[in-house]
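Asker: Chains as they are written, first to last, in the UniProt record's numbering: chain R, 1 to 337; chain E, 1 to 337.
C-beta: ideal position from N, C-alpha, C; glycine also.
Remember, predicted model here, so these are calculated numbers, not experimental data.
One structure coming up, written as C-alpha cells, with questions to follow.
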DNA sequence: CGTCATTTTGCAAGCGCGTGCAAATGCCGC
DNA sequence: GCGGCATTTGCACGCGCTTGCAAAATGACG
C-alpha cells in the first residue's frame, strides 16, 4: 500500500489558511462557520480532491451511516426488487447499504449480523431467514436497530414489517369461488417461513368457512422448479384441482408451465391460478398471473423512516410491528375478475 | 444515542489482565501472542461480547475491507445474479460488499464513486454504465482499485472483464445457417453499451461473411417490454425474418412472447431465436431459450482474486483486460443443435 | 550461573475526524 | 471609545484501533 493516497482535513486547512476544525465544521451540517471561511475551505477541498473520511467520522459520531442488508436467495426476482428499493431509499436518506449474502451455510445469518456489528452498522435489515434470538439480542445490546421483513417473530425490540397474508388468502378464495371453482389446492414450499404459512393457513381457513377442503402440497424451496414438481403432484390427483393458490409467483410460474406444456391444461379455462409477490415475470404474456403486489416502496419507506426516527431517540422497548396491505393485481389467470 | 453501547479493546484488556496491545494482537492474524495470553483475551472478549471495530481498524490500516458494487437495474435477473456471485466471492475472501444503486439520476455513477471514496472502499466494481474518465482517475488517485465488468473502455488503470461477444455472435450465425435460416435479424436496445454493440457488430460481420445482410432494430432499454416492441417491428416486415439474435435474454423473452401470443408464430419451427446471458427464465418451459451463459463464477473469481493480488503490491500502470468465454447453452429455440 | 538469541509484552504515537471550551472577533448602542 | 453581546475560530482531547520500538520474559547453551 502506498502511504500518502488520501487527502486529510489538515492539508485542506493548510491550503485554505484556516484551522482543521474549520474544515471539519464546513462539512458538518449545522455547524457554525462564516460564509467566507466556508468558501475558502470548499475551494481548497475541491482543488485537493478532499473527501470526508466516513470511517473516522463514524468513529467519532458513534454512527456510521451503514445499514446492513442480510439476505438469502438474493438473485430471486422478488428479493432483488426489494434490495433495489431499499438501497434507493437508504441512499435517499444519506445512508449506505452493506450487502451480506447468507446462502453459503446455515447459521450464516448470525455470522452476517456479527459482520454488521464489526462495521458498526447503525442497523440491520433482515429479508430472510430467522436469526437466532440470542444474536438479535446481541445486536440490540450493541445499539443496532433491527428490521425484520416478512419473517415475523414474536421477539421484542426490532421493527417487524409484514403483510396481511391471511386476509389476502381470503380474497383468493372469494375470487376462485366466483370463477366457479370448487376443488381448491394450495402449493407451498417446505421453507415454512411465517409469511408462507400465513398464506397457507389463511387460505385453508377461508375455504373451510365456505365449506370447502383444500389439498395442500409442499415441496422444496420457493422456486420455479418446485412449482413444476408441485404441479406434477397436484394435477395427477384423482380429483384434479380446478384452482390453485401458489404461495409465491415463482412457484406459480413453474406450476403454470407444467400445467400447460406437460398436461396441456388451459389457464384459466380449466385451471385458475393465483400467486403472490407480483414479480416482473407475473406480467409476462406467457403467464398473465393474477397475484398480490408486494408494496415494495411502502416497505422500504417504513423501514428507513423508522431508522431515521429512532436515530434521534432510542426508545428501547418500544418495538413496532407494521402490517401492510397487499393489493390484488388482476390479470388473466383467474376467470372473471 | 446512548454512549456506552460498544465494548472496547481496553475493557477486554482490563478484564483479561493484559495490555490493550495484546487484545489487538490477538485479533490480528499473524501477530506475536503467546497461547495463554490469547486464551485469556478470547475468553474475556467472549464474555463481554467484544467485536473488533472495523471502522477504526480501517482507519489505521488504510484498508477498510469494503468493496463497492456500483450497479444500475439491479433487479434484473442477470444483474442480481452477478451481484449474488460477487458478494459471495467477496465474503469468501474476508471482504464485504457495499451496494450503490445508480438508477436514480444520470451521472449518479460519479456520485456513487464519491460515496465509495468517502467510505475508503478498497475497490469499486462497476457493473453498468460508463463512469466519467475524470472520476475513474480520481478513484485511482485515491488508491482505489477499479473493476469494470462488461463495460469496456480504453482507459488504463482498472481491471476490465469482458466476454468474447463477437465470437459468440459468430457462433449464432453458424447455428442459424445450419437451421436453414436465411433472413437474419438482430434485436438490440438503444443503450449502446460496448458489449451490446460488440454482439451486434459481430453478428452483422459474421453474417456478411456468409453473404447475408442483417436487419438491425434497436429500441429502449434492455428489458422485456423492448423485446415485445422489437418483435412488433421486425415481425411485420415485408420480408419477415426467420431468425433473430436478441442482445439479451430479457429482450428474447419479450420477443418470443410477442411472436407467439401476438403473431402466432411457432418457435423454433417458423422462427429461430437466440439470446445472451442465460438468465434463469431462459430455461423455463415457456421459453427454452438457446443462449450464451455468462460465466458468473469466473467473472467473480477473476475480479476478487485481482483485488487480492493487487492488495499486496500495487503496480499502478499494470492494467489488465480479461476476456472470458461465453458457453453456448443449447435449448429449444433454434432448430437442430 | 552468566550470556545471548528469541519471543512476548507494554508503552506511546498516531490514523482522520468531531466537539467542548475558551479566546478572539465583530457589531451595536451609549 | 467602551462595555455587552452574539458569532466565529482555534486549541486540545478523545473515538478505538494498529504498530514500531524498547523493555521484559523465556529458553538454550557453554
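Give a yes or no on whether 8 Å exceeds the smallest Cβ distance from residue 117/R to chain E.
Answerer: Yes - at least one Cβ of chain E is within 8 Å of the one on residue 117/R.
Asker: Please check the pair residue 269/E and residue 294/E, which I expect to be a contact at CB under 8 Å, by giving their CB distance rounded to whole angstroms.
Answerer: About 28 Å separates the two Cβ atoms, so there is no contact after all.
Asker: If you draw a straight line from the C-alpha of residue 219/R to the C-alpha of residue 225/R, how long is it?
Answerer: Residue 219/R and residue 225/R: Cα-Cα distance of roughly 10 Å.
Asker: Can you check which of these residues, 261/R, 260/R, 214/R, is closest to residue 245/R by C-alpha distance?
Answerer: Ranking 261/R, 260/R, 214/R by Cα distance to residue 245/R puts 214/R first.
Asker: Looking at the unbroken alpha helix (DSSP H) that takes in residue 178/R, where does it start and where does it end?
Answerer: It spans 165-178 - the alpha helix (DSSP H) in which residue 178/R sits, taken as one unbroken run.
Asker: Per DSSP, residue 96/E is paired with what?
Answerer: In DSSP, residue 96/E forms a bridge with 66/E.
Asker: DSSP on residue 85/R, reduced to helix/strand/coil?
Answerer: If DSSP states are grouped into helix, strand and coil, residue 85/R belongs with the helices.
Asker: Confirm the yes/no value for this check: CB of residue 32/E, any heavy atom of the ligand GTP, distance under 7 Å.
Answerer: Among the components of this structure there are no ligands whatsoever, and the ligand GTP is therefore not found.
Asker: Please go through the same chain and pick out, in chain order, the residues whose beta-carbon is closer than 8 Å to the beta-carbon of residue 78/E, but skip the five residues on each side of it.
Answerer: Cβ neighbours of residue 78/E beyond the five flanking positions: 248, 249, 250, 277, 279, 294.
Asker: From the DSSP output, read off the bridge partner residues of residue 253/E.
Answerer: According to DSSP, residue 253/E bridges with nothing at all.
Asker: Kindly indicate if chain R contains any beta-carbon less than 8 Å away from that of residue 5/E.
Answerer: Chain R, which has a Cβ nearer than 8 Å to the Cβ of residue 5/E, makes this yes.
Asker: Go ahead and label residue 264/R buried or exposed: buried means 16 or more other beta carbons lie within 10 angstroms of its beta carbon, across all protein chains shown.
Answerer: Flag for residue 264/R reads exposed.
Asker: Who pairs with residue 211/R in a beta bridge, going by DSSP?
Answerer: Answer is none; residue 211/R lacks a bridge partner.
Asker: Between which two residues does the alpha helix (DSSP H) harbouring residue 135/R extend?
Answerer: Start and end: 133-141.
Asker: Closest to residue 86/E by C-alpha separation, out of 136/E, 149/E, 29/E, 139/E, would be which residue?
Answerer: That would be 149/E, whose Cα lies nearest to the Cα of residue 86/E.
Asker: Based on the DSSP secondary-structure assignment, which residues constitute the bridge partners of residue 276/R?
Answerer: BP columns for residue 276/R point to 292/R.
Asker: Tell me whether residue 327/R is buried or exposed, calling it buried when 16 or more other Cβ atoms sit within 10 Å of its Cβ.
Answerer: Exposed, by the Cβ-count rule.
Asker: Does the CB of residue 64/E have a neighbour CB from chain R at under 8 Å?
Answerer: So yes, residue 64/E belongs to the interface.
Asker: Whose C-beta lies closer than 8 Å to the C-beta of residue 103/E among residues of the same chain, with five residues either side of it excluded?
Answerer: Cβ within range, chain order: 72, 73, 74.
Asker: Roughly how many whole angstroms lie between the Cα atoms of residue 203/R and residue 282/R?
Answerer: Those two C-alpha atoms are separated by around 21 Å.
Asker: Closer than 7 Å, Cβ to any Cβ of chain R: which residues of the UniProt domain "HTH lacI-type" (7-61) of chain E, in chain order?
Answerer: Listed by position, the residues of the UniProt domain "HTH lacI-type" (7-61) of chain E near chain R (Cβ gap below 7 Å) are 49, 51, 52, 53, 54, 55, 56, 58, 59.
Asker: Excluding sequence positions up to five away, which residues of its chain have a Cβ less than 7 Å from the Cβ of residue 131/E?
Answerer: So the list reads 109, 110, 113, once near-sequence residues are dropped.
Asker: Closest Cβ-Cβ distance between residue 332/E and chain R: below 8 Å?
Answerer: False, the Cβ-Cβ gap to chain R never drops below 8 Å.
Asker: Does the region 11-19 of chain R come into contact with the region 36-45 of chain R, if we say contact requires no fewer than three beta-carbon pairs (one atom in each stretch) closer than 8 Å?
Answerer: Yes: at least three Cβ pairs fall under 8 Å.
Asker: Would you say residue 306/E faces chain R, with C-beta separation under 8 Å as the test?
Answerer: False, the Cβ-Cβ gap to chain R never drops below 8 Å.
Asker: Whose CA, out of 59/R, 94/R, 290/R, 321/R, lies closest to the CA of residue 329/R?
Answerer: Of the listed residues, the one whose Cα sits closest to residue 329/R is 290/R.
Asker: Could you spell out the range, first to last residue, of the beta strand (DSSP E) harbouring residue 189/R?
Answerer: Taken as a continuous stretch (DSSP letters only), residue 189/R belongs to no beta strand (DSSP E), as it is neither H nor E.
Asker: Thinking C-beta only, is residue 273/E closer than 8 Å to residue 292/E?
Answerer: No.
Asker: Compare the C-beta of residue 289/E with all C-beta atoms of chain R and state if any pair is closer than 8 Å.
Answerer: It does not: the Cβ of residue 289/E has no partner Cβ on chain R nearer than 8 Å.
Asker: For residue 122/E and residue 190/E, what's the separation of their Cα atoms in angstroms?
Answerer: If I take the Cα positions, the gap works out to 33 Å.
Asker: Please report the distance separating the alpha-carbon of residue 76/E from that of residue 88/R.
Answerer: Between residue 76/E and residue 88/R, the C-alpha separation is close to 15 Å.
Asker: Our contact map puts residue 25/E next to residue 10/E with C-beta atoms below 8 Å; I'd like the distance itself, whole angstroms only.
Answerer: About 14 Å; that fails the 8 Å criterion.
Asker: Identify the contact partners of residue 87/E in chain R, using a Cβ-Cβ distance below 8 Å as the criterion.
Answerer: Going along chain R in sequence order, the residues near residue 87/E (Cβ under 8 Å) are 74, 99, 100, 101.
Asker: For residue 263/E, which of helix, strand or coil comes out of DSSP?
Answerer: Coil at residue 263/E, not helix or strand.
Asker: Could you check what DSSP says for residue 79/R in three-state terms: helix, strand or coil?
Answerer: Three-state DSSP puts residue 79/R in a helix.
Asker: Kindly indicate the opening and closing residues of the alpha helix (DSSP H) around residue 21/R.
Answerer: From DSSP, the alpha helix (DSSP H) with residue 21/R extends over 20-26.
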